[in-house]
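Enquirer: Quick note, in full-length UniProt numbering, the sequence shown goes up one by one and the last residue is 483. We put the beta carbon where it would ideally sit given N, CA and C, even for glycine. Please see the structure below; I have some questions.
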Amino acid sequence: MQYISTRGGGEPLSYSETLLEGLARDGGLAVPAVMPRVDGETLERWRALTYPQLATEVLGLFATDIPREDLARMTAAAYSSFPAEVVPLRPIGDGLTLVGLSEGPTLAFKDMAMQFLGQVLEYALEREGRVLNVLGATSGDTGSAAEHALRGKERISVFMLSPRGRMSAFQRAQMFSLDDANIHNIAIDGVFDDCQNLVKELAGDLEFKRAQNLGAVNSINLARITAQVVYYFWAWLRQTDAGGATEVSFTVPSGNFGNILSGFYAKQMGLPIRRLVLATNENNVLDEFFRTGVYRPRSAAETLATSSPSMDISKASNLERFIFELVGRDAAGVVDAWRGLATEGSFDFSADQPRFEEEFGLVSGTSTHTDRIATIRAVHAGTGELIDPHTADGVKVAREHVEPGVPMLVLETAKPEKFAETIREALGLELEYSPELRAMLDAPQRVTEMADDAHALSSFIEAASLKGDTVRETPVGADRHDS
Ligand SMILES: *Cc1c(COP(=O)(O)O)cnc(C)c1O
1 MQYISTRGGG EPLSYSETLL EGLARDGGLA VPAVMPRVDG ETLERWRALT
51 YPQLATEVLG LFATDIPRED LARMTAAAYS SFPAEVVPLR PIGDGLTLVG
101 LSEGPTLAFK DMAMQFLGQV LEYALEREGR VLNVLGATSG DTGSAAEHAL
151 RGKERISVFM LSPRGRMSAF QRAQMFSLDD ANIHNIAIDG VFDDCQNLVK
201 ELAGDLEFKR AQNLGAVNSI NLARITAQVV YYFWAWLRQT DAGGATEVSF
251 TVPSGNFGNI LSGFYAKQMG LPIRRLVLAT NENNVLDEFF RTGVYRPRSA
301 AETLATSSPS MDISKASNLE RFIFELVGRD AAGVVDAWRG LATEGSFDFS
351 ADQPRFEEEF GLVSGTSTHT DRIATIRAVH AGTGELIDPH TADGVKVARE
401 HVEPGVPMLV LETAKPEKFA ETIREALGLE LEYSPELRAM LDAPQRVTEM
451 ADDAHALSSF IEAASLKGDT VRETPVGADR HDS
């Protein structure tokens, strides 16, 4: 399987090559040259598989340059710290079922992809004789999932910027309690956007980037998208009975359009998905797009701080991959749309909007703080289940799109323990932490505080980054490796 750019430039790359490359060199995103297809017979055969076995089958369709036995070893390792089922399903009544994606080390769905990424990154670096210094900015969930997936890896160091004093106590503890030598937490005097601007400034200096072997593990990463495809197959296999090609619908609490894009890929691959329901919070730029066909990203200043903070996003970095399919995989159409975005601040697919639902099954809705609180209460009163604020946004929007006879699967993107304050507001109760979580919250913390200063940051990275003696002079992709 080869990967091409949504903007048509550059040569096709292998899975491993796109993994180390990040953005395609023309500024587009890597997409499969041909979407793999899965037929009904194969689906039935997959019913008997464990989660890691299923992951090997699904990822094997994408990572064709990695031998099966290596993939099997990596998927087994990636999900070894999860409960046996890895992704449990829990019905909550009214035709709704929660898909538990938050059983990993940081209690959020990002572990599902990040744990595999940690394995496959180390593998690809080993094979290429390279090292990688991951530079990122986080407001909470992504940084902790990345650090827990990459801790202790020999060929990887992590430099994670966060806005000083602006993360929750739980998020701080999850990151700052790690004492692995390859994890560098840096608290910046500023807000999240200041952190992100520092990352952009350093990564934009191509000479520095290359000299320091800098890279990213953000939500456009292809390994993350493909690892997320697996749980759509898993949930379908658990929800349906053998032999029936029953359709199910999914609702996905969304921000960067990463999670739901993986569901969209699963549907394109032939999984019987009826509707993909996109749920946003008050930052509803994506709901606006799917209802009107007009995409108008917002500025940081227009982005609200909500009680489902991991969805406080005003630009959806993966949307370009959907646009690529919408325009019939025509890179010129994507380039046109992005040119419009640069000059007008928006692009307009209102003429195509009816196709979003008819052809792709994509519909959407918005949930607000009031909805979130009411939904947490209603689910708790009805079932005794505690759900987190992001999942509550999903449940609220899912209810608006349930159809008789079609199971509605709502992705649980985080555990309530991460958002104790909102649970307290909704239910007036204090969450009990497990002994493991208690120990994490009480553990000593390790963080470097730094001014919002690119020079200070680059000196810090120069001093602490992994230096790959064995690093090749050419960037990956400049010459072909088909081992
Ligand atoms: C990241 C995140 C989301 C949004 O997922 P996208 O892939 O960015 O759409 C939703 N909920 C939680 C808890 C998250 O951490």
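1) Quick check on the DSSP output: what are the complete beta strand (DSSP E) runs of length 3 or more inside the segment 151-227, in order along the chain?
2) Below 8 angstroms on the Cβ atoms is my contact criterion, and I expect Gly136 with Val199 to pass it. Report the Cβ-Cβ distance as a whole number of Å.
3) May I ask you to check if the CB of Asp442 is nearer than 7 angstroms to at least one heavy atom of ligand 1?
4) How is the beta strand (DSSP E) around Thr251 delimited, first residue to last?
5) Can you give me the C-alpha to C-alpha distance between Ile376 and Thr6, rounded to a whole angstrom?
6) Starting from Met112 and walking both ways along the alpha helix (DSSP H), at which residues does that stretch end?
7) If Leu96 sits next to Ala378, beta carbons under 8 angstroms apart, how far is it from one beta carbon to the other, in whole angstroms?
8) When you compare the CB positions of Ile387 and Glu412, do they come within less than 8 angstroms of one another, or not?
9) Would you decide whether Val34 is buried or exposed? Buried here means 16 or more other CB atoms lie within 10 Å of its CB.
10) Assign Pro444 to buried or exposed, taking buried as 16 or more other Cβ atoms, counted over all protein chains shown, within 10 Å of its Cβ.
11) Quick one: give me the first and last residue of the beta strand (DSSP E) that Ile4 is part of.
12) Taking only the alpha-carbon atoms, compute the straight-line gap between Ser458 and Ser144 and give it to the nearest angstrom.
13) Skipping 5 residues on each side, what residues in its chain have a beta carbon closer than 6 angstroms to that of Thr246?
14) When we look at the beta-carbon of Asp393 and count the other beta-carbons within 10 Å, is it buried (16 or more) or exposed?
15) Between the Cα of Asn281 and those of Asp348, Pro389 and Asp193, spot the shortest distance and give me the residue it belongs to.
16) Here's the rule I'm using: 16 or more other beta-carbon atoms within 10 Å means buried, otherwise exposed. How should Ser483 be labelled?
17) Measuring only from the beta carbon, is Ser254 closer than 7 angstroms to any heavy atom that is part of ligand 1?
18) Just to confirm my understanding: we take Leu61, look at its own chain, exclude 5 residues before and 5 after, and list those with CB closer than 6 angstroms. What are they?
19) Quick test of the definition: if touching needs 3 or more C-beta pairs under 8 angstroms, does the segment 178-190 touch the segment 211-219?
20) Tell me the DSSP secondary structure of Ala77 in three-state form.
21) Quick one: residues in its chain with C-beta nearer than 7 angstroms to the C-beta of Phe208, no 5 flanking neighbours on either side, listed in chain order?
22) Considering Cα atoms alone, identify which of Ile323, Ala464 and Phe250 is closest to Met408.
23) Is Thr413 near ligand 1, going by C-beta to nearest heavy atom under 7 angstroms?
24) How far does the alpha helix (DSSP H) with Asn259 in it extend, from its first residue to its last?
25) My output table needs one value for Ile51: the three-state DSSP class, helix, strand or coil.
26) What's the gap between the Cα of Ser314 and the Cα of Thr343?
27) Which of helix, strand or coil does DSSP assign to Arg90?
28) Note down the Cα distance separating Gly104 from Leu150, rounded to an integer number of angstroms.
29) Exposed or buried, Pro52, counting other C-beta atoms within 10 Å across all chains shown (16 or more means buried)?
30) Alpha carbon to alpha carbon, how far is Ile4 from Pro12? Give it in angstroms, no decimals.
Expert: Well, looking at it:
1) 156-163 and 183-188
2) Residue numbering aside, residue 136 sits at position 136 when the sequence shown is read from its first letter. Residue numbering aside, residue 199 sits at position 199 when the sequence shown is read from its first letter. Yes, Gly136 and Val199 are in contact; Cβ-Cβ is about 6 angstroms, under 8 angstroms.
3) Walking along the sequence shown from the start, residue 442 turns up at place 442. Answer for Asp442: no, Cβ out of range of ligand 1.
4) The count along the sequence shown starts at 1 and reaches residue 251 at position 251. That run of the beta strand (DSSP E) goes Val248 to Pro253.
5) Counting from 1 along the sequence shown, the entry for residue 376 is found at position 376. Counting from 1 along the sequence shown, the entry for residue 6 is found at position 6. The straight-line gap from Cα to Cα measures roughly 39 angstroms.
6) Taking the first residue of the sequence shown as position 1, residue 112 is located at position 112. Taken as a continuous stretch (DSSP letters only), the alpha helix (DSSP H) holding Met112 covers Lys110 to Glu128.
7) Against the sequence shown, residue 96 aligns to sequence position 96. Against the sequence shown, residue 378 aligns to sequence position 378. About 11 angstroms separates the two Cβ atoms, so there is no contact after all.
8) In the sequence shown, counting from the first residue as 1, residue 387 sits at position 387. In the sequence shown, counting from the first residue as 1, residue 412 sits at position 412. Yes; because the gap between Cβ atoms is below 8 angstroms, this pair is in contact.
9) For this step, residue 34 is matched to residue 34 along the sequence shown. The residue is exposed, with fewer than 16 neighbouring Cβ atoms inside 10 Å.
10) The count along the sequence shown starts at 1 and reaches residue 444 at position 444. When all chains shown are included, Pro444 counts as exposed.
11) For the purposes of this step, residue 4 is taken as the residue at position 4 of the sequence shown. Element bounds for Ile4: Tyr3 to Ser5.
12) Here residue 458 refers to the residue found at position 458 when the sequence shown is read from its first residue. Here residue 144 refers to the residue found at position 144 when the sequence shown is read from its first residue. If I take the Cα positions, the gap works out to 22 angstroms.
13) Sequence index remark: in the sequence shown, residue 246 carries index 246 (1-based). The answer, listed in chain order, is Thr240.
14) If you number the sequence shown from 1, residue 393 lands on position 393. Result: buried.
15) Numbered from its first residue, the sequence shown carries residue 281 at position 281. Nearest of Asp348, Pro389 and Asp193 to Asn281, Cα basis: Pro389.
16) Within the sequence shown, residue 483 is the residue found at index 483, counting from 1. Summary for Ser483: the model assigns pLDDT 30, below 50, so the residue's position carries little reliability; its value from the coordinates is reported in the next sentence. Ser483 should be labelled exposed.
17) Position 254 of the sequence shown, counted from the first residue, corresponds to residue 254. Yes, the beta carbon of Ser254 sits closer than 7 angstroms to at least one heavy atom of ligand 1.
18) Along the sequence shown, read from residue 1 onward, the residue named residue 61 stands at position 61. Only Pro36 meet the Cβ criterion.
19) no
20) Position 77 of the sequence shown, counted from the start, is the residue given in the question as residue 77. Helix.
21) The residue given as residue 208 occupies position 208 in the sequence shown. Excluding sequence neighbours, Phe208 sits near Leu202 and Ser458.
22) Counting from one through the sequence shown, the residue named residue 408 turns up at place 408. With distances taken between Cα atoms, Met408 lies closest to Phe250.
23) For this step, residue 413 is matched to residue 413 along the sequence shown. Yes, Cβ of Thr413 sits closer than 7 angstroms to a heavy atom of ligand 1.
24) As a working note, residue 259 is residue 259 in the sequence shown. Counting along the chain, the alpha helix (DSSP H) containing Asn259 begins and ends at Gly258 to Gln268.
25) Indexing the sequence shown from 1 puts residue 51 at position 51. Inspection of the sequence shows that residue 51 is occupied by Tyr rather than by Ile. Helix.
26) Your numbering for residue 314 matches position 314 in the sequence shown. Your numbering for residue 343 matches position 343 in the sequence shown. Whole-angstrom Cα-Cα distance: 18 angstroms.
27) By one-based count along the sequence shown, residue 90 stands at place 90. Here Arg90 sits in strand by DSSP.
28) As a first step, residue 104 must be located in the sequence shown, where it is residue number 104. As a first step, residue 150 must be located in the sequence shown, where it is residue number 150. Those two C-alpha atoms are separated by around 14 angstroms.
29) Within the sequence shown, the letter at position 52 stands for residue 52. With 16 or more other Cβ atoms within 10 Å, it is buried.
30) In the sequence shown, the residue the question calls residue 12 occupies position 12. In the sequence shown, the residue the question calls residue 4 occupies position 4. Roughly 5 angstroms separates the two Cα atoms.
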